[in-house]
Amino acid sequence: MINKIVVGTKEAVADIKDGATVMVGGFGPAGAPFNLVQALLDQGARQLTVICNSVSQVAPLIENRRIRKLIASFPAWADRSRANPLDEQYATGEIVLEMVPQGTLAERIRAGGANVAAFYTPTGVGTVLEQGKEKRVIDGREYLLERALRADVALIKAYRGDRMGNLVYHAAARNYNPIMATATNLTIAEVEEIVDVGQLDPEIIVTPGIFIDRVVKVPKRSQW
Amino acid sequence: MKAGLSKELIALRVVKELQEGMYVNLGIGLPSLVSQFVPEDLEIVFHAENGVLGYGPVTEQQIDSDLINAGLRPVGLRPGASFFNHVDSFTMIRGGRLDVTILGGYQVSEKGDLANWKTTEEKIGAVGGAMDLVCGVKKVIVAMQHTASSGAPRIVKKCTYPLTGKEVVDMIVTNLAVIDVTPEGLLLREIAPGVSATDVQAVTEPTLIVSPNLKEMELKI
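Chains as they are written, first to last, in this note's numbering: chain A, 1 to 224; chain B, 225 to 445.
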């Protein structure tokens with residue numbers, strides 16, 4: 001019998017190694033896997049490369065110096081006046097930062113899951129982010145070549161899941177989660193509810209279980 | 225230096241650019257106020273880059289921490305709303321489905337270059353969805369203060385801050401003025417009550433073309 005349910009976030013993240021590349025879902029607090037990130041912090045893995053939208057999904061990992069590279073679209077708090085936990089480690093070179101426009105980040109992760117090695121996007125043409133990238137004119141318009149992104153592990157948040165890993169989401173908590181689910185060999189989903197297999201109507205399943213390796217039920221948590 | 229309009233009145237003036245049936249994206253900060261001032265009977269569909277079409281005004285209390293706009297403020301939903309993932313969201317953006325985006329700005333140049341993700345004083349900056357928005361959306365309106373808190377002009381000959389996009393801005397609405405970006409240069413179309421064209425030029429770096437039909441901003445709902 002297929003059973004991807006894991007009891008406890010501690011067990012779910014136990015085998016994530018030092019130096020792993022980890023995708024973390026969420027936009028602000030919505031869809032951020034607070035429980036899994038907390039467990040990863042507790043587990044102690046270091047020298048991580050983290051792929052996520054902003055500081056808020058992984059603030060404790062930054063504050064506890066577990067990250068050596070951050071690939072993000074908005075590496076700050078939404079409130080730009082708030083002190084950025086990245087500033088100090090960025091200045092010393094302890095954290096290497098790769099800034100990726102949000103649509104490009106989403107598409108690179110999608111490409112990673114889809115075995116599309118690279119693609120051309122107009123986003124970033126004419127800005128400092130074009131440095132180091134191939135630029136090509138296609139049908140009279142300039143595009144930048146962007147490479148696919150994959151990770152060792154994805155930590156995602158969904159609303160309900162079953163033992164086969166089928167997932168549905170809630171409101172704006174979807175965001176990167178379904179995309180990241182496809183782009184790793186180990187996707188771990190924290191969910192608020194586990195339902196019996198067959199209870200999720202095939203018409204409404206957003207992430208088919210084929211992309212999911214572990215499902216863990218957690219209490220709903222929307223802040224650090 | 226004239227104070228001109230409050231943020232809310234800037235947002236109110238921006239609403240005049242929106243027509244029934246438009247799909248509209250609002251940036252964080254001042255632009256996010258626009259959704260508060262859309263009349264009840266005007267059906268505008270607001271797009272939030274984080275995966276919502278058809279959100280309503282910002283709500284007083286947080287009902288659902290998962291139902292937020294791009295600025296992380298809690299919002300309600302209008303009938304016909306939908307949720308979708310990040311790739312689909314940016315398909316709408318980059319793929320040209322949105323009619324208007326209203327963005328904040330640090331600087332806008334004479335040619336319509338926009339800088340809104342990093343100042344030279346900041347160590348890091350933050351791009352977010354802005355670079356995608358400016359290359360996909362049909363019309364880009366920048367809603368911002370006319371000057372920095374230091375008094376320095378934000379409408380400049382050339383941006384000194386890193387660009388979000390080159391020649392992407394169509395229209396600028398500030399606390400002092402409404403300005404169109406045209407091939408001939410920046411056209412001053414409207415001035416805030418109590419503000420003259422001379423006042424506006426005094427705090428704008430490039431020379432403005434003053435419209436022969438220059439008028440005061442209409443600020444009724």
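We treat Cβ as the ideally placed atom computed from N, Cα and C, and that holds for glycine.
Check: Three-state secondary structure (DSSP) of LYS4(A); Outcome: coil
Check: Any C-beta of chain B under 8 Å from that of ILE179(A); Outcome: yes
Check: SER435(B) - containing beta strand (DSSP E), residue span; Outcome: 433 to 440
Check: Residues near CYS383(B) in its chain [Cβ-Cβ closer than 7 Å; skip 5 each side]; Outcome: GLN331, SER333, ASP337 and ALA339
Check: Listed by chain order, chain A residues near LEU236(B) by CB distance under 9 Å; Outcome: Those do not exist, as LEU236(B) stays about 24 Å from chain A at its closest Cβ, beyond 9 Å.
Check: Local conformation of GLY360(B) per DSSP, three classes; Outcome: helix
Check: Endpoints, the beta strand (DSSP E) within which GLY375(B) is located; Outcome: First-last for GLY375(B): undefined, no H or E at that position.
Check: Uninterrupted beta strand (DSSP E) stretches inside the segment 245 to 295 of chain B (no shorter than 3 residues); Outcome: 247 to 250, 269 to 272 and 276 to 282
Check: PRO33(A) versus ALA173(A): straight-line alpha-carbon distance, rounded; Outcome: 10 Å
Check: Where GLN260(B) falls, given that 16 or more other Cβ within 10 Å makes a residue buried; Outcome: exposed
Check: Interface flag, PHE270(B) vs chain A, CB-CB below 8 Å; Outcome: no
Check: Reference SER81(A); option with closest CA among GLY320(B), GLN243(B), ILE348(B) and THR371(B); Outcome: ILE348(B)
Check: Chain B contact for ALA158(A) (CB, 8 Å cutoff); Outcome: no
Check: Helix, strand or coil at THR21(A) according to DSSP, with G and I counted as helix; Outcome: strand
Check: Contacts around GLY161(A), its chain only, beta-carbon distance under 7 Å, and the 5 residues preceding and following it disregarded; Outcome: LEU167, ALA189, VAL191, ILE194 and VAL215
Check: Candidates PRO303(B), ASN309(B), GLU267(B) and THR388(B): closest to THR328(B) by CA position; Outcome: Residue 328(B) is actually Gly in this sequence, not Thr. Nearest of PRO303(B), ASN309(B), GLU267(B) and THR388(B) to GLY328(B), Cα basis: THR388(B).
Check: Candidates ARG318(B), PHE314(B), GLY251(B) and TYR385(B), of which the one nearest VAL366(B) by Cα; Outcome: GLY251(B)
Check: Buried or exposed (CB count within 10 angstroms, at least 16 for buried), ASP290(B); Outcome: buried
Check: Coil, strand or helix - GLU203(A) by DSSP; Outcome: coil
Check: VAL218(A) (DSSP reduced to helix, strand or coil); Outcome: coil
Check: Same chain, Cβ closer than 7 Å to LYS17(A), neighbours up to 5 away in sequence not counted; Outcome: ALA45
Check: Nonlocal neighbours in the same chain, by C-beta distance under 7 Å from THR344(B), ignoring five residues either side; Outcome: THR384 and TYR385
Check: Cβ neighbour criterion (16 or more within 10 Å) applied to ASN437(B); Outcome: exposed
Check: Neighbour list for LYS390(B) in chain A, Cβ cutoff strictly below 7 Å; Outcome: GLY126
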